[in-house]
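**Student:** This is the structure, below, for whatever I ask next.
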Amino acid sequence: MDERLDWEAALAATGVTVKVDRSVRLVALRYFDAGGFGERLRTALGEGIPAPLGFNRGRYGAAEDPFMLVWRSPTECWLLSATAAPIEAISREIAGFGDACLIDQTGGILALRVEGSRTLDLLHRLGSVDSVPRAGEASTGRFADISVTAVGLATTEFLMLVERGHVVHLLGWIRETLTDF
Amino acid sequence: MSAWRLAEPFGTLIDRSQPISFLFNGRSLTGLGGDTLASALLVNGVRLVGRSFKLHRPRGIFSCGIEEPTGIVDLLDGVRRTPNVRSTVVEISPGLAAESVNCWPSVRFDLGALNGWFAPLLPAGFYYKTFKWPNWHLFEPTVRRMAGLGRASLTTDQDRYEEVSTQVDLLVVGGGIAGLAAAIASAEAGARTTLLCAGAAPGGGLGAQGDPAVAEMIAKAGRAGVTVMPRTLAFGVYDHNLVCASEQLAGATRGPGVLRERLWKIRARSIIAAQGAFERPMIFPGNDRPGVMLSGAVQRYADAYGVACGRRIVIAANCDSAYRVAQRLRTAGIEVLAVLDRRPASHIGTHAEGVRTLASSGIGKVLGASSVKGCLTVAAEGPSVRSERLDCDLILSAGGHAPAVHLHSQAGGKLRWEAEASMFVPDGPAPGLYSVGACAGVFSRQAALEHAADVGRSLALGFTVPPAPVGGAGRSLASTRIAGVRGKAFIDLQNDVAATDIGLAALENYRSIEHLKRYTTTGMATDQGKTSNVNALVLMGELTQREPAQVGTTKFRPPFAPMTLGTLVGRRVGSLYRPLKHLPAVQWHAAHGALFEHFGNWSRPAAYPLAGESLNEAAQREARCVRQSVGLFDGSPLGKLEIWGPDAAQFLDLMYVGTMSTLRVGQARYGLVLNANGVVVDDGIVARLGEGHFWVNTTSAGVERTAAAFEEWLQCEFTNLKVFVTAVTARFANLTVSGPRAWEALAAIGFDAAFSPQNMTHMSLREGAFGAIPLRVLRASFTGELSYEINLPVDESGGLLEMLMAAIAPLGGCLYGIEALEILRTEKGYIHVGTDTDGTTLPGDIGFGRAIDGKRANFVGRRSLLRPAARDPQRLQLVALSPADGRTLLPCGAQIAALNPPTATEGHVTSSYWSPSLDAPVALAMLARGGERQGEHVGVHHLGRRIDAVVVKAPFIDPQGERLNG
Amino acid sequence: MMRIPCIVCGLRDENEFTCGGTSHLVRPAIDASDRDWAEYLFFRDNPKGLHHERWRHTQGCGQWFNLVRHTLTHEILTVYAMTESPPR
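If you want it as structure tokens, here you go:
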């Protein structure tokens, strides 16, 4: 089996590790009116729509299920969660609501966790310095010639959200880069 | 031998304790660590390095740097071959092997030298007037063999390259004293400062001389926090202060498969150009002879490499720096016979102690066939002064200086001609780029240091940047040539462009500098005219009564020096050469014998060949299997868009040919997407999921393009429509089961009866579940058989895939790939957008004329369909073709005409396959007036052959479409 | 490679964008003459100076916006929303 196709295996070099996090559920929230939808989001989950190029983290329910809301465009943000509960909560809140919808993208958009002291060295070999978000920011840019939404969890810890069809290509570029690290 | 190794303090860059052996033309030679190939060849007495491009004249090493025009070699390193390398920039390493270029059988006895006998027939531009009769094709193979210098490698580049992005406040290009001064001042003022130098270490020319002040500056730069990047050449300045540089990784000259070069993409708030100045050669007869070298280069060979290039030298001069060179070389024990200064005595601003100087003089002739053995002097005033013979073994050319204004010019900076020193200097800064040092025309050491520091500090702190104090180079004449001296004098040493060629260009009225360049090829060799451009334009000015500023310079374009293609490509090789998409179940398919090929931007199974089967045999078997029983196909790449919103229906009517707003929930319809020109750019199926909710399938290759088109209309034109377009292609796997026994297979694994053909009509979409897995099942068909496209969340699709595989086995079913699908859809006459259609195909050409007339709503492209060209009855229309003999496969792309050539083409074959179900070929074509030509015989022309074919009715199989219903 | 100031994301390399050409073109109605329709589709001014054009941050936030660029120097003078009128 061609090891390049095994996209679930972790990649590592001194100062950086890269691994797909299969536990991430991801739904796209789309709304015509950010103000109105933001209120419903706050009602359901306790967090509003993130500011442009930002992300909000929160906890839902008695079980304190962690979730994240990532800004994607003026009419879209993504809800990431390890459990179904936060997703079901917002889904109930907007049921029948004609101004917003929820589109499950779980499995279609994969989350890569990239962390380590040399994370920025790696990211600057995938894309431009301009495209790498600072800690606390989330933005979409061109990495390895494809579109990737990067979330700056900390100065050396990122999530890279990538379309599943491209994950082999992205990991291939990362693998080649780490070989020369 | 006229060359020897000098003792210390000469040789600041070499390591005398490290001898290194290398090969040149198969001969083993020895140099020292730190030697370049050029310095090592010179110290070994090698003067003849190659042959010139056109006339195959003997060529040697001319300079000591990146501007080298003639010391060109091919490097051999195991299986790697690097052509056209400048020997002056390659450091020797153990095992390095180099070969002369453009000569056969050897550089010493080169048959190509016979070209020299025909030189009068081969002036500039001769090829525009020759090689025509009787047929230019006859000459082409010979010309191809003779073109070029080195030989390219025929193997894949095994080395590795990467690309890095970085940002700095101030980027200094050039590590000489001016660059260092600017970098230090900038860093000490608090700016993030990076300094690039092309050589192994900063220091420049003065550093090579061992000037202690330079070493102190380098240390100071380190303390100030300047990031110094050695072996990094800035090859281009691009928009918005993007500097691209290539870094040679030390030690990467040995062994394949290592990181060899790194491409830096540097965005700098400000750029300082400090690359110094090139030296201008003197123009005199025989100035191309090996043993004629630039004066600064000879000094640098002594200072940096401890190589004395000759014992008895004559200097042909047009500038004051020649005298400093003379003085320096005398301390090395080299005898300076004379300085022949082109300038009148009044222009000469300095002298060299104990060196004979003749003003208003030059070289009239060079003695020695393939190496300098002496020269004859000539007076500028005229032949009345007696010519003198000087027995020198090296001639130094010191015509003046030419600031390296390349990066300044690339950045949009202007130039002005500084008449006193006869050089082009930057006329003020370029946007975002400031020049310092000799690069700016500042030749006084103190002035350069002060100005450079001032510029660095000002940029760091945001102050006004002071202008450059141009000067300090003394007075030089514009022309380095003594007119009226007979004999061939060269301007461009690599391309063999002589002064007479410039004259020819002026005579034939190619007077503009851009015409001069292309007509004579001066400045177009691998050195890009670094030592010839100024001489060429000055001479053209002389011949046409224009000042150099009036002639001007050609446009400066990146790259500044020859680039390795791999460096520009970086990681984009092999499977990464473009972003390919892979199936979610790629590993499963590979395990089941898939033969992958690239279809659009996807890697997909073309077929699943069994042991011993060719791709074609597998496709035939799979296609037959689908028609006879059932096939399983991974349709996951098929584009999927969710269109949602109160205005979704109205929007889809605008985007598609075909009315989508009248779809009932659960109903599906085929539609075409046009561009504003009315051309078919995508097709697909639209199904309604709800009042304001639609499921759209596009082609696999077109989903991004179609989704982008939809977004453009929504964001730019129809901004009042409330619609979301969300791509879900990757979210859903699409498992397609197709064939007369398709439902049998689904029923066998427990699919709900609601999906049966009795309960679910063709062209309908039903939501449901398989166990706990939600499904969207579409009954649509690209094969012409009963088909189910089962869309389900990708993470939950693995199990169903296995179950379907098991279910079709007892039914005699199989996996099928793209090749089989192409056979099946061609049998049915279904088009593939981009294969059967091209950039001119309108809906009416493929049978959609009536759908358009019947549609009331406006749609994208409609207006273009009302143009006269769209209604032209002669238009190409989609037809089905069969060969008259029932056996010959019609080649794709073959031209169709009723008459034999020469005749106008009436169309072409677009799809063509052997049908296993019919045991005969099937083909589709675009044919003029195709709709009216049923039953007509036409000729299908291919590579001189005519195949008789008949226009038949499509589809070839199941014309009533009954098989669609199972 | 220019650095384009996306109206949402800020400065990014040009290769993240698609250029949509001249902005503020008015699409003729369906009853326009063939000539007017052809001019709308194919005829463009090619100014040596300021050019109003539209860009999409395709590999970023996906938004369309307008900008004013000097065609000789590539200086980008201002950025404004897709639906806004050109600034003076």
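Residue numbers (numbering that gives the first Met the number 0), protein chains in the order written: chain F, 0 to 180; chain B, 0 to 965; chain C, 0 to 87. Think of the CB as a built atom: it goes at the ideal place given N, C-alpha and C, for glycine as much as any other residue. Here the structure is a predicted model, which is why all the values come from computation and not from measurement.
#1: Which whole runs of the alpha helix (DSSP H) in the segment 282-307 of chain B are 4 residues long or more, in chain order?
#2: Could you check if residue 905 of chain B is buried or exposed, using at least 16 other CB atoms within 10 Å of its CB as the buried criterion?
#3: To the nearest angstrom, report how far apart residue 3 of chain F and residue 591 of chain B are at their CA atoms.
#4: From residue 416 of chain B to residue 139 of chain B, what distance separates their C-alpha atoms?
#5: Grab me the residues of residue 787 of chain B's own chain with a C-beta within less than 8 Å of its C-beta, minus the 5 sequence neighbours each way, in chain order.
#6: Buried or exposed for residue 44 of chain C, going by 16 or more other Cβ atoms inside 10 Å?
#7: What does DSSP give as the partner residues of residue 102 of chain F in its beta bridges?
#8: Between residue 720 of chain B and residue 962 of chain B, which are expected to be in contact by the criterion C-beta below 8 Å, what is the C-beta distance as a whole number of angstroms?
#9: By how many angstroms is the C-alpha of residue 141 of chain F removed from the C-alpha of residue 15 of chain C?
#10: Taking buried to mean at least 16 other C-beta atoms within 10 Å of its own C-beta, is residue 6 of chain B buried or exposed?
#11: Measuring only the C-alpha atoms, how far is residue 251 of chain B from residue 13 of chain F?
#12: Step through the CB atoms of chain C and report whether any lies within less than 9 Å of the CB of residue 59 of chain B.
#13: Using only the alpha-carbon positions, how far apart do residue 176 of chain B and residue 456 of chain B sit?
#14: What are the partner residues of residue 826 of chain B, as DSSP defines its beta bridges?
#15: Could you tell me whether the segment 34-49 of chain B touches the segment 67-77 of chain B, using the rule of 3 or more Cβ pairs below 8 Å?
#16: At which residues does the alpha helix (DSSP H) containing residue 851 of chain B begin and terminate?
#17: Anything in chain C within Cβ reach of residue 241 of chain B, meaning under 8 Å, just list it in chain order.
#18: Which same chain residues, not among the five before or five after residue 625 of chain B, have their C-beta less than 7 Å away from its C-beta?
#19: Between which two residues does the alpha helix (DSSP H) carrying residue 445 of chain B extend?
#20: Roughly how far, in whole angstroms, is the beta-carbon of residue 425 of chain B from the beta-carbon of residue 464 of chain B, given that I think they are within contact range, below 8 Å?
#21: By the three-class DSSP mapping on this structure, what secondary structure does residue 178 of chain F have?
#22: Quick one: measure Cβ to Cβ for residue 932 of chain B and residue 938 of chain B, integer angstroms, because I've assumed they're closer than 8 Å.
#23: Would you give the residue range spanned by the alpha helix (DSSP H) that residue 802 of chain B belongs to?
#24: Determine the direct distance from the alpha carbon of residue 262 of chain B to that of residue 563 of chain B, and round the result to whole angstroms.
#25: In chain order, what residues of the same chain lie with their CB nearer than 7 Å to the CB of residue 645 of chain B, ignoring the 5 residues before and after it?
#26: Using 9 Å as the limit for Cβ to Cβ distance, is residue 65 of chain C near chain F?
#27: Please report the distance separating the alpha-carbon of residue 179 of chain F from that of residue 40 of chain B.
#28: Are the segment 704-711 of chain B and the segment 665-683 of chain B in contact at 8 Å, needing three or more beta carbon pairs?
#29: Rounded to whole angstroms, how far is the Cβ of residue 165 of chain F from the Cβ of residue 580 of chain B, which I believe are closer than 8 Å?
#30: Identify the continuous alpha helix (DSSP H) that holds residue 549 of chain B and give its terminal residues.
#31: Beta-carbon of residue 14 of chain F versus every beta-carbon of chain B: anything under 9 Å?
#32: May I ask you to list the residues that DSSP assigns as paired with residue 12 of chain C?
#33: Going by C-alpha distance, which of B:584, B:570, B:797 and B:639 is nearest residue 172 of chain F?
#34: What number of angstroms, rounded off, separates the C-alpha of residue 412 of chain B from the C-alpha of residue 430 of chain B?
#35: Measure the C-alpha to C-alpha separation of residue 597 of chain B and residue 676 of chain B and round it to an integer number of angstroms.
#36: Taking its Cβ as the centre, do 16 or more other Cβ atoms sit within 10 Å of residue 54 of chain C, making it buried, or is it exposed?
**Tutor:** On the basis of the data shown:
#1: If we require 4 residues or more, the alpha helix (DSSP H) runs fully inside the segment 282-307 of chain B come out as 294-304.
#2: It is buried - the Cβ of residue 905 of chain B has at least 16 other Cβ atoms within 10 Å.
#3: One C-alpha to the other measures close to 17 Å.
#4: The C-alpha of residue 139 of chain B is placed about 43 Å away from the C-alpha of residue 416 of chain B.
#5: Around residue 787 of chain B: 735, 736, 737, 741, 742, 745, 754, 776, 777 and 778.
#6: Classification of residue 44 of chain C: exposed, given that the 10 Å Cβ count is below 16.
#7: DSSP lists F:27 as the beta-bridge partner residues of residue 102 of chain F.
#8: No, residue 720 of chain B and residue 962 of chain B are not in contact; Cβ-Cβ is about 40 Å, not under 8 Å.
#9: Distance between the alpha carbons of residue 15 of chain C and residue 141 of chain F is about 6 Å.
#10: Residue 6 of chain B should be labelled exposed.
#11: Because residue 251 of chain B carries a pLDDT of 45, less than 50, the predicted location of this residue cannot be relied on, and the following value inherits that uncertainty. The straight-line gap separating the alpha-carbon atoms of residue 251 of chain B and residue 13 of chain F is approximately 21 Å.
#12: Closer than 9 Å: no.
#13: One alpha carbon belongs to residue 176 of chain B, the other to residue 456 of chain B, and they sit about 15 Å apart.
#14: When beta bridges are read from the DSSP output, residue 826 of chain B appears opposite no residue.
#15: Result yes; three or more Cβ-Cβ pairs closer than 8 Å.
#16: In the DSSP annotation of this structure, the continuous segment of the alpha helix (DSSP H) that includes residue 851 of chain B starts and ends at 848-853.
#17: Taking a Cβ-Cβ cut-off of 8 Å, the neighbours of residue 241 of chain B in chain C comprise 0 and 2, given in sequence order.
#18: The answer, listed in chain order, is 737, 738, 782, 784, 815, 819 and 823.
#19: Per DSSP, the continuous alpha helix (DSSP H) segment holding residue 445 of chain B begins and ends at 444-460.
#20: Contact flag wrong, Cβ pair sits at about 12 Å.
#21: In this structure, DSSP gives residue 178 of chain F a helical state, which the three-state scheme calls helix.
#22: Wrong, their Cβ atoms sit about 13 Å apart, outside the cutoff.
#23: Counting along the chain, the alpha helix (DSSP H) containing residue 802 of chain B begins and ends at 796-807.
#24: Their backbone Cα atoms lie some 10 Å apart in a straight line.
#25: Cβ within range, chain order: 691 and 721.
#26: Residue 65 of chain C does not count as touching chain F.
#27: Going by the C-alpha atoms only, they are around 34 Å apart.
#28: Three or more beta-carbon pairs separated by less than 8 Å link the segment 704-711 of chain B to the segment 665-683 of chain B, which places the two stretches in contact.
#29: The Cβ separation is near 6 Å, so the contact holds.
#30: Here the alpha helix (DSSP H) through residue 549 of chain B covers 547-550.
#31: No, its Cβ sits nowhere closer than 9 Å to a Cβ of chain B.
#32: According to DSSP, which records beta bridges pairwise, residue 12 of chain C is partnered with C:2.
#33: The shortest Cα separation from residue 172 of chain F among B:584, B:570, B:797 and B:639 belongs to B:570.
#34: Taking C-alpha positions only, residue 412 of chain B is separated from residue 430 of chain B by approximately 7 Å.
#35: The straight-line gap separating the alpha-carbon atoms of residue 597 of chain B and residue 676 of chain B is approximately 29 Å.
#36: Here residue 54 of chain C is buried: its Cβ has 16 or more other Cβ atoms, across all protein chains shown, within 10 Å.
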